[in-house]
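Visitor: The structure is given below, and queries will be raised subsequently.
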Amino acid sequence: DVKVTQSSRYLVKRTGEKVFLECVQDMDHENMFWYRQDPGLGLRLIYFSYDVKMKEKGDIPEGYSVSREKKERFSLILESASTNQTSMYLCASSRLQYEQYFGPGTRLTVT
Amino acid sequence: QQQVKQSPQSLIVQKGGISIINCAYENTAFDYFPWYQQFPGKGPALLIAIRPDVSEKKEGRFTISFNKSAKQFSLHIMDSQPGDSATYFCAASSVSGGYNKLIFGAGTRLAVHP
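Heads up: the sequence lines are chains A and B, in that order.
Here the first sequence stands for residues 8 to 118, numbered as in our numbering.
Here the second sequence stands for residues 393 to 506, numbered as in our numbering.
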C-alpha cells in the first residue's frame, strides 16, 4: 500500500522560529511536492522536486525553502516563521505528474 | 490568479440525490483534468480523471463531463451517500518551465444528509 508520511500532524511555533516539515514516501517516486491548503484557496504549490538534489519553485515559494538529499525524503523549511504561514501543509509524491499521492498533512500554527 | 475556478464552495445533498460540482479554466494548454477527494484529517486522493479528447468518463457512481469548447468540466455523483461527504478538488495539469504541474480549484465541501 502506497504511503506518504509527514513528521507531525500538528505543530505550534513562534514567530521568527526556523521550522522543518519532513515528508517521507515509500513508493520510490521520483517526484515530490509541497502544497499549502487554505480555505477558499484550494491547494497551492510551494516547491517541487523531480529528482534528488533538484528543486523548483512553485507558485508561492516566498518564505520557504526545501531540501531533498535522498529520493524518499523531501523537507520544507520555513526560515523565519511568520503568522501568515499558519496553514495546513501537504506533501505529495508521484511517478506520473497528475497521480499524486498525498500525506495526511501538518497543521502549522505560528503565534 | 486562480486558473481553475470551482463552484459551489459548499453543497448539501440528500441521500440518493445527484451532487454536481463545476469547474472552469482558461488555459487551453491544460491537458489532463483530475478530481481529488479529501476526507477530514486525510490528504486528498485521486478520484477520477479525464483528458480533453473525451467528453465523458464514468467510474461507478462518479462521472466527469467535459466541454472543451466552453472550457468547463464537472463532477457528477449519482445516488449520493453520506460516505461521499468530503471536500472535492478539481485540478488541471499544465507544463510550466518544462515541468508538469497540477493547478487546483478552491474546493467544494459536500455534505450528504441521510
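Glycine included, every Cβ here is placed at the ideal spot set by N, Cα and C.
Which residues of the region 491-506 of chain B have a Cβ closer than 7 Å to any Cβ of chain C? Give them in chain order.
Guide: The structure shown has no chain C; the protein chains it does contain are A and B.
Visitor: Taking Cβ-Cβ distances below 9 Å as the criterion, which residues of the region 432-462 of chain B are in contact with chain A?
Guide: Look at the region 432-462 of chain B: the residues with a C-beta under 9 Å from a C-beta of chain A are G433, K434, G435, P436, A437, L438 and A441.
Visitor: According to DSSP, simplified to helix, strand and coil, what is G49 of chain A?
Guide: Here the question's residue 49 of chain A lines up with position 42 in the first sequence. In the structure shown, G49 of chain A sits in a strand (DSSP, three-state: E or B).
Visitor: Would you call the CB atoms of L6 of chain A and Y42 of chain A closer than 8 Å?
Guide: Because chain A is modelled from 8 through 118, residue 6 of chain A falls outside the range shown and cannot be assessed.
Visitor: Is the region 412-429 of chain B close to the region 479-499 of chain B, with three or more CB pairs under 8 Å?
Guide: yes
Visitor: Please state whether DSSP places Q393 of chain B in a helix, a strand or coil.
Guide: On the second sequence, residue 393 of chain B is found 1 positions in, with the first residue counted as 1. Its pLDDT being 49, under 50, Q393 of chain B is placed unreliably in this model, and the coordinates cannot settle the point.
Visitor: Just checking my contact of I415 of chain B with Q464 of chain B at CB under 8 Å: how many whole Å lie between their CB atoms?
Guide: For the purposes of this step, residue 415 of chain B is taken as residue 23 along the second sequence, with counting starting at 1. For the purposes of this step, residue 464 of chain B is taken as residue 72 along the second sequence, with counting starting at 1. Just to set this straight, residue 415 of chain B is Cys in the shown sequence, not Ile. Indeed, because the Cβ distance is near 7 Å, the residues count as touching under 8 Å.
Visitor: Could you tell me if H505 of chain B is buried or exposed, where buried requires 16 or more neighbouring beta carbons within 10 angstroms of its beta carbon?
Guide: Working through the second sequence from its first residue, we reach residue 505 of chain B at position 113. H505 of chain B is exposed by the Cβ-count criterion.
Visitor: To be precise: take each residue of the region 420-431 of chain B, compare its Cβ to all Cβ atoms of chain A, and keep it if any distance is under 7 Å. Which residues remain?
Guide: Y424 and P426
Visitor: Let me confirm a value: F481 of chain B is counted as buried when at least 16 other C-beta atoms fall within 10 Å, else exposed. Which label applies?
Guide: Counted from its first residue, the second sequence places residue 481 of chain B at position 89. Answer is buried; the Cβ neighbour count reaches 16.
Visitor: Under 8 Å, Cβ to Cβ, is there at least one residue of chain A near S399 of chain B?
Guide: Position 7 of the second sequence, counted from the start, is the residue given in the question as residue 399 of chain B. No - not a single Cβ of chain A is within 8 Å of the one on S399 of chain B.
Visitor: Can you give me the start and stop residues for the beta strand (DSSP E) that Y17 of chain A sits inside?
Guide: Stepping through the first sequence from its first residue, residue 17 of chain A is reached at position 10. Run containing Y17 of chain A: Y17 to K20, per the beta strand (DSSP E) assignment.
Visitor: In chain order, which continuous runs of the alpha helix (DSSP H) of length 4 or greater are located wholly inside the region 44-105 of chain A?
Guide: none
Visitor: In whole angstroms, what is the alpha-carbon distance linking Q393 of chain B and E63 of chain A?
Guide: Here residue 393 of chain B corresponds to residue number 1 of the second sequence, with the count starting at 1. Here residue 63 of chain A corresponds to residue number 56 of the first sequence, with the count starting at 1. In this prediction, Q393 of chain B scores a pLDDT of 49, lower than 50, which makes its location untrustworthy; no coordinate-derived value is stated.
Visitor: Taking just the CA atoms, how far does E86 of chain A sit from V19 of chain A?
Guide: Position 12 of the first sequence, counting from 1, holds the residue named residue 19 of chain A. Position 79 of the first sequence, counting from 1, holds the residue named residue 86 of chain A. Computed Cα separation, rounded: 15 Å.
Visitor: According to the neighbour-count rule (16 or more other Cβ atoms, all chains shown, within 10 Å of its Cβ), is T479 of chain B buried or exposed?
Guide: Sequence index remark: in the second sequence, residue 479 of chain B carries index 87 (1-based). In this structure T479 of chain B is buried. Its beta-carbon is surrounded by 16 or more other beta-carbon atoms within 10 angstroms.
Visitor: Which residues of chain A have a Cβ atom closer than 9 Å to the Cβ of F481 of chain B, listed in chain order?
Guide: By one-based count along the second sequence, residue 481 of chain B stands at place 89. Per Cβ cutoff of 9 Å: G49 and L50.
Visitor: Taking 8 Å as the CB-CB cut-off, is Y71 of chain A touching chain B?
Guide: Sequence index remark: in the first sequence, residue 71 of chain A carries index 64 (1-based). It does not; no Cβ of chain B falls within 8 Å.
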